[in-house]
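Student:
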Amino acid sequence: MWDILDKIATVAQIITFLVFTGGIGLLLTRATRYKRRIRKALEKGKGLEVALAVSLKPNENVRGHVEAFLKEKGIEMEITEINADGVSLNTLPELRKKFVAEKRWLTSRGVSEVHLFYEGPVAVAFFLADVLNNWVPVYVYHFSREGGYECWGLLTESIERMATEELVREVSKDA
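Position one of the sequence shown corresponds to residue 1 (my numbering), numbered consecutively onward.
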């Protein structure tokens, strides 16, 4: 009886290992594909590209870091700023109006791409993301003290939808 249970356990372990390995492979493939799409989109350079530097901490400004990053990467683009000396629950509605006004101004200038460099409370980042969503491609950059800025991905839903539609076409071809 124990021999049968031992064989069943061994088969279950092998199946679990195969499913785990397949899942890791699928995850790595999708991550690589997503990075490739971001790189391709970053290289296109059509229309007006703008770096949006948002500084919401008192007595701090990210413009210098953004300028250094763009210069280091050899990227030339206009930098627009939204600055506030701290944020509170009382100042939030006015700050959201600033976000909307900046978006309208950039839209009127024909912006085709925004590179977002944000420094401030995470909760306020949700309000900013709400304003910028479903607009032009918005690339979100993360600042780490060791390596500087790095692109973490796209914010806009339309690009995600396009990528999903492309993935559906690829899968339906294989079927």
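The C-beta atom is built at its ideal place from N, Cα and C for all residues, glycine as well.
Computed from a predicted structure; not experimentally measured.
#1: DSSP beta-bridge partners for tyrosine 141?
#2: Are tyrosine 141 and leucine 116 touching if we call contact CB-CB under 8 angstroms?
#3: When you compare each of Ser144, Val124, Leu155 to tryptophan 135 by their alpha carbons, which one comes out closest?
#4: Leaving out five residues on either side along the sequence, give the residues of the same chain with a beta carbon under 8 angstroms from the beta carbon of phenylalanine 127.
#5: Since I believe valine 87 is in contact with valine 124 (beta carbons under 8 angstroms), could you give me their beta-carbon distance rounded to a whole number of angstroms?
#6: Under a Cβ-count criterion, where at least 16 other Cβ atoms within 10 Å of its own Cβ denotes burial, should glutamate 146 be classed as buried or exposed?
#7: Where does the unbroken alpha helix (DSSP H) through alanine 129 begin, and where does it stop?
Tutor: Once the coordinates are examined:
#1: Answer is Phe117, Cys151, bridged to tyrosine 141.
#2: In this structure, leucine 116 lies closer than 8 angstroms to tyrosine 141 by Cβ.
#3: That would be Leu155, whose Cα lies nearest to the Cα of tryptophan 135.
#4: Only Leu92, Leu95, Arg96, Phe99 meet the Cβ criterion.
#5: With a beta-carbon spacing of about 5 angstroms, valine 124 and valine 87 fall inside the 8 angstroms limit used to define contacts.
#6: Exposed, by the Cβ-count rule.
#7: It spans 122-132 - the alpha helix (DSSP H) in which alanine 129 sits, taken as one unbroken run.
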